[in-house]
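Trainee: Residue numbers (our numbering): 73 to 407.
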């Protein structure tokens with residue numbers, strides 16, 4: 073890169089220029105009056121001004137490069153934040169999917185439990201119907217046994233009446249046979265009474281056993297009803313609690329989704345703001361680069377003009393030097 077102030081250092085010196093400097097000073101009276109005097113002060117001020125402008129442009133360019141680096145760092149930071157946000161959104165979506173799958177599995181388990189409870193209820197209803205059928209059948213058997221018992225009592229009563237009639241007739245017909253027949257009859261009646269008592273005791277025990285069995289069945293049915301009612305209430309309460317938990321979980325998921333949407337919209341808005349700022353800064357940088365390039369071109373034009381003017385002055389000085397040398401030769405010739 074060329075720096076201002078190099079133009080005067082880049083001017084070549086002709087050989088013999090310093091050697092003839094003293095002679096030119098001694099013979100200054102012989103310089104022609106028509107030769108114009110050079111103006112180095114104006115060129116130096118112009119070069120210093122151009123150097124100062126170039127230094128300012130170089131400082132401005134360094135500031136712009138530093139600003140561009142800072143903008144690039146901000147852009148990388150924004151890109152990293154966008155990647156982190158994308159990963160966070162993906163992880164949150166995966167968590168939501170996992171939670172929805174968990175809720176679905178819980179609902180399926182609850183439905184399965186409800187189906188099992190319905191099946192148990194149906195089984196209990198079938199068992200209840202079976203027990204009611206058994207109770208009805210036992211009631212019929214008991215009624216039948218009571219009818220048989222009444223028939224046996226009626227038959228016994230009829231038998232007693234018949235026997236008494238026979239005894240009366242036998243007593244009327246033959247008193248002599250009464251003692252033997254009475255003993256036989258009493259023995260026979262005693263046996264019949266024992267048998268009837270045994271049948272009646274057996275029937276009573278059987279009836280009591282059946283009543284006890286019926287009471288036990290009724291108690292068992294009541295216990296099963298109570299247990300089933302408790303289980304049903306517990307299952308309904310558990311299902312209600314699970315439904316409430318699922319509802320709260322859905323509400324929480326919806327709130328999380330709303331928060332994520334708000335967070336995403338804020339990030340998108342922030343990203344749009346950053347992108348607009350970056351676009352504006354890029355436009356400003358491009359304009360500043362164009363201004364710097366234009367100033368650089370102008371400085372190059374000024375430098376070329378200065379170099380051209382220096383070349384003209386150098387040519388003029390060379391001509392003056394040749395003229396001085398020619399005059400010195402003439403003076404020496406005259407001498």
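The C-beta atom is built at its ideal place from N, Cα and C for all residues, glycine as well. Note that the structure is a prediction, hence the values are computed from the model and not measured.
1. Using DSSP with H/G/I as helix, E/B as strand and the rest coil, what is residue 384?
2. Within its chain, find whatever has a CB closer than 7 Å to the CB of residue 322; leave out the 5 residues flanking it on each side and keep chain order.
3. Identify whether residue 352 lies in helix, strand or coil by the three-state DSSP scheme.
4. Who are the Cβ neighbours of residue 210 in its own chain at under 7 Å, not counting the five residues just before and after it?
5. Apart from the five residues just before and just after residue 161, which ones in its own chain have a Cβ nearer than 8 Å to its Cβ?
6. When burial is assigned at 16 or more other CB atoms within 10 Å of the CB, is residue 373 buried or exposed?
7. Return yes when the Cβ of residue 168 is within less than 9 Å of the Cβ of residue 307, no when it is not.
8. So, with DSSP's three-state summary, where would you put residue 213?
9. Between residue 293 and chain D, is the shortest Cβ-Cβ distance under 9 Å, so that the two count as touching?
10. State buried or exposed for residue 205, treating a residue as buried only when at least 16 other CB atoms are found within 10 Å of its CB.
11. How long is the line joining the alpha carbons of residue 255 and residue 227, rounded to whole angstroms?
12. Are the CB atoms of residue 279 and residue 217 nearer to each other than 9 Å?
13. In angstroms, rounded to a whole number, what distance separates the CA positions of residue 100 and residue 404?
14. Is the distance from the Cβ of residue 355 to the Cβ of residue 172 below 9 Å?
15. Could you compute how far the alpha carbon of residue 302 sits from the alpha carbon of residue 200?
16. Just the C-alpha distance for residue 272 and residue 184, rounded to the nearest angstrom, thanks.
17. Near residue 156, what residues of its chain come up, given a Cβ to Cβ distance below 6 Å and the 5 sequence neighbours on each side ignored?
18. Quick check on this structure: which residue in 207, 351, 312 has the alpha carbon closest to the alpha carbon of residue 288?
19. Where does residue 248 fall in DSSP's three states?
20. Please classify residue 119 as buried or exposed, where buried requires at least 16 neighbouring CB atoms within 10 angstroms.
21. Contact between the region 337-344 and the region 136-149: three or more CB pairs below 8 Å?
22. Am I right that residue 371 and residue 134 are in contact with their C-beta atoms under 8 Å? What's the rounded C-beta distance?
23. By Cβ distance, which residues of its chain are closer than 7 Å to residue 330, with the 5 residues on each side in sequence left out?
24. Using the C-alpha atoms, what's the distance from residue 149 back to residue 412?
25. Excluding five sequence neighbours on each side, which residues of the same chain lie with their C-beta closer than 8 Å to the C-beta of residue 311?
26. Would you grab the beta carbon distance between residue 115 and residue 382 for me? Rounded to a whole angstrom, and I think it's under 8 Å.
27. Taking DSSP as the reference, what is the three-state secondary structure of residue 81?
Mentor: On the basis of the supplied data:
1. Helix at residue 384.
2. Nothing meets the Cβ criterion.
3. Residue 352 falls in the helix class under three-state DSSP.
4. Same-chain partners within the cutoff: 282, 286.
5. Once the five neighbours on either side are set aside, the close Cβ partners of residue 161 are 332, 336.
6. Note on residue 373: under 16 other CB atoms within 10 angstroms of its CB, so exposed under the neighbour-count rule.
7. No; because the gap between Cβ atoms is not below 9 Å, this pair is not in contact.
8. Residue 213 falls in the helix class under three-state DSSP.
9. As a matter of chain content, chain D is missing from the structure shown, which is built from one protein chain.
10. The residue is exposed, with fewer than 16 neighbouring Cβ atoms inside 10 Å.
11. Going by the C-alpha atoms only, they are around 22 Å apart.
12. Contact annotation: residue 279 and residue 217 have beta-carbon atoms nearer than 9 Å.
13. Legend: pLDDT at residue 100 = 40, less than 50; position of this residue unreliable, no value from coordinates given.
14. Between residue 355 and residue 172, the C-beta gap is not smaller than 9 Å, which leaves the two residues out of contact.
15. If you draw a straight line from the Cα of residue 302 to the Cα of residue 200, it is about 17 Å long.
16. The straight-line gap from Cα to Cα measures roughly 55 Å.
17. Excluding positions up to five away in sequence, the list is empty.
18. Scanning 207, 351, 312 for the CA closest to the CA of residue 288 turns up 207.
19. The answer is coil: DSSP assigns residue 248 none of H, G, I, E or B.
20. When all chains shown are included, residue 119 counts as buried.
21. Two segments are said to touch when three or more pairs of C-beta atoms, one from each, lie closer than 8 Å; by this definition the region 337-344 does not touch the region 136-149.
22. With a Cβ gap of about 17 Å, residue 371 and residue 134 do not count as contacting.
23. If we look at residue 330 and ignore the five residues flanking it on each side, it has no Cβ neighbours.
24. The requested residue 412 is not part of the displayed model; the chain covers only 73 to 407.
25. Taking residue 311 as the centre and dropping the five residues before and after it, the same chain places the C-beta of 182, 185, 186 closer than 8 Å to its C-beta, in chain order.
26. Contact annotation, residue 115 with residue 382: C-beta distance approximately 7 Å; criterion of less than 8 Å satisfied.
27. Because the pLDDT at residue 81 is just 38, under 50, the model does not fix this residue reliably, and the value given afterwards should be weighed accordingly. Three-state result, residue 81: helix.
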